[in-house]
Every structure is written in structure tokens, then in C-alpha cells.
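What follows is a single structure, written as C-alpha cells, with notes after it.
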Amino acid sequence: MQATAASVTPPSRQASGTTPFQTAVNICKAIMGAGTFALPWSFSLAGTVLGPVGLLLLTGLAFYTMTLLIEAKQSVLEHRAEEADEEHGNATGPLTYADVVREVLGPRAARCANMATLGCSIGVSGAYIVFIASLVVSIVAESLKIRTAIAGLLPFVVLLSWIQDFRYLSMVSALGDISVVLAMLCVLYDGAQHRDLQLYTALPAFNWEKYPLSFGSVSFLFCVHFVMLPVEQSMRDPAKFRTAAAGAFFF
292 MQATAASVTP
302 PSRQASGTTP
312 FQTAVNICKA
322 IMGAGTFALP
332 WSFSLAGTVL
342 GPVGLLLLTG
352 LAFYTMTLLI
362 EAKQSVLEHR
372 AEEADEEHGN
382 ATGPLTYADV
392 VREVLGPRAA
402 RCANMATLGC
412 SIGVSGAYIV
422 FIASLVVSIV
432 AESLKIRTAI
442 AGLLPFVVLL
452 SWIQDFRYLS
462 MVSALGDISV
472 VLAMLCVLYD
482 GAQHRDLQLY
492 TALPAFNWEK
502 YPLSFGSVSF
512 LFCVHFVMLP
522 VEQSMRDPAK
532 FRTAAAGAFF
542 F
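Using the numbering used here, the letters of the sequence shown map in sequence onto residues 292 to 542.
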């Protein structure tokens, strides 16, 4: 007997959790970050045509693979629900990215997924901390050493790491999204005030030689699949995750 999305969702999660709008905000915040400000540089490398087209294609690919991940997770839950009494006991517990990989590809692949997730998380977190610290130095005092700024930020980072439910981050995520959009608007306004058409005409339409560098910058935005399972499992109605994700990617 096939289990539906609602049947494998814990009652406590059905009674609380994030709404589709809050989920979309959380997804936007996962995508929109420091890498967003590298897009102009990325487009200048790839070319005026290849850059935007590559961004759209990677956006579609990321959304498609993200929905495949959620479908795989749902299949694992359904399989566990069928065999709960024999093996697992609790078929409705939250699953991690490695849990899904273990069920689908085996324990060796799960270990590789854990190592890759750990490396990615440390790298991205380190990049964000350095990025924020450099901004603090430029705003507060340039005489301040960046190492001192990083040390001052660490307590806040540790406190944020203790938050286990994404619904508590929805408001902060919304403020972060608004801040990024405002910053992008300021950059666009400044660019419009100092536009030089000769700079644009000098750029090639396609630059395949430097596209790998551009691809790395763009993929930094969308390769956030390992955090999508906690976001989806924090929803009040996980069946609406695809709609929320579509809205976030469209935005």
C-alpha cells in the first residue's frame, strides 16, 4: 500500500511548521548570497549571451534535480513506512541528505555524501564569515584587522548553528533577501549612472574558454541541495514544497 506525502508527515509537523511562503523565503536566502554579487564578473567572463543563457539553464537544472531529491526522499519514507514494524520502527523521522543516499546508493555512497557535504558546508561557511568580516572592516574601521572581525563574529555564528528549525529563520531570511535585493538595486543604479556602452560592446557574446570559471561562480548559487531536505521537512505541508521552490527560483 503506497503512503502519501501527508501520511508520512508527523502530526506535530502538520500542526506547525513553515508555510509555502516562508519556505520560499528560506530557499531564496539559501540561493541569494555573496555569490550573487559575483554574477556581473561571471557574465563578463562567459560573454553577454552565454552568461545569461548558462544561468537560466543551470537554474532549471538545479530546480529539476532538487525536485528529484525530494521525490527520492519521499520514496525512502514510503519504503520505510511499509517496513516500519520489521526494521526501522519510526518511519516518519527526518531524513538527511546522506540518509537518502544510503537508501538509494548504499553505505559507501552515503559516506562520500557526508564527506562532500561536510567539505562544502565548511567551505561555504568560511567564505561567508570572511565576506562578512571584510564588510565589517570596511564599514567600521579599516584599521581593524580582519582576523579580529572574524573572532568577533564567531559567537553569533555558533548561536545560529544551534537553531534546529527553519521556521525560526524565516524572518531573518526575509530580511536577508530584502537586503540583497536592495544592494543589487543600488549596484544597478550606480551602473546606470556610470554606464559606458563601449565596455559592453567590447565583451564577446560567447567565451567558452573562460566559461568554466563562470560556471563555478553560478553553480555556487544553486548547489544547495543538501540543505533542502531540512527546509522541506520543516514545512507544515511538505507536499507544497515544489510550488514553494518554483516560486523561489522564479524570483
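Glycine included, every Cβ here is placed at the ideal spot set by N, Cα and C. As the structure is a prediction and not an experimental result, all values here were calculated from the model.
Between the CA atoms of residue j and residue i - distance to the nearest angstrom
| i | j | result |
| --- | --- | --- |
| residue 517 | residue 403 | 13 Å |
| residue 503 | residue 307 | 43 Å |
| residue 481 | residue 474 | 11 Å |
| residue 505 | residue 496 | 14 Å |
| residue 440 | residue 350 | 34 Å |
| residue 533 | residue 359 | 10 Å |
| residue 498 | residue 472 | 28 Å |
| residue 399 | residue 369 | 23 Å |
| residue 514 | residue 408 | 11 Å |
| residue 379 | residue 309 | Note that residue 379 scores 48 on pLDDT, short of 50, meaning its location in the model is unreliable and no value can be drawn from it. |
Option in the options with minimal Cα separation from residue i
| i | options | result |
| --- | --- | --- |
| residue 418 | 391, 437, 401, 472 | 437 |
| residue 312 | 460, 393, 389 | 460 |
| residue 354 | 527, 528, 510 | 510 |
| residue 425 | 411, 443, 413 | 443 |
| residue 530 | 397, 347, 344, 361 | 361 |
Counterpart residues of residue i in DSSP-defined beta bridges
| i | result |
| --- | --- |
| residue 526 | 309 |
Cutoff 7 Å; reference residue i; Cβ partners in own chain excluding five residues on either side
| i | result |
| --- | --- |
| residue 318 | 522, 535, 536, 539 |
| residue 314 | 522, 526, 532, 535 |
| residue 357 | 516, 519, 536 |
| residue 363 | 391, 395 |
| residue 387 | 520 |
Own chain partners of residue i with C-beta closer than 6 Å, once the 5 adjacent residues on each side are dropped
| i | result |
| --- | --- |
| residue 385 | 524 |
| residue 334 | 342 |
| residue 322 | 512 |
| residue 501 | 336 |
Contact set for residue i: own chain, Cβ-Cβ below 8 Å, skip 5 residues either direction
| i | result |
| --- | --- |
| residue 332 | 508 |
| residue 401 | 389, 390, 392, 393 |
| residue 421 | 437, 441 |
| residue 327 | 471, 475, 512 |
heavy atom of the ligand FMN below 8 Å from residue i C-beta
| i | result |
| --- | --- |
| residue 481 | With respect to the ligand FMN, the structure offers nothing, as it holds no ligand at all. |
Let me know the alpha helix (DSSP H) ranges lying completely inside the segment 433-494, each 4 residues or longer, listed in chain order.
-> 437-452, 461-484, 488-492
Fully enclosed by the segment 387-428, which alpha helix (DSSP H) runs are 4 residues long or longer?
-> 388-396
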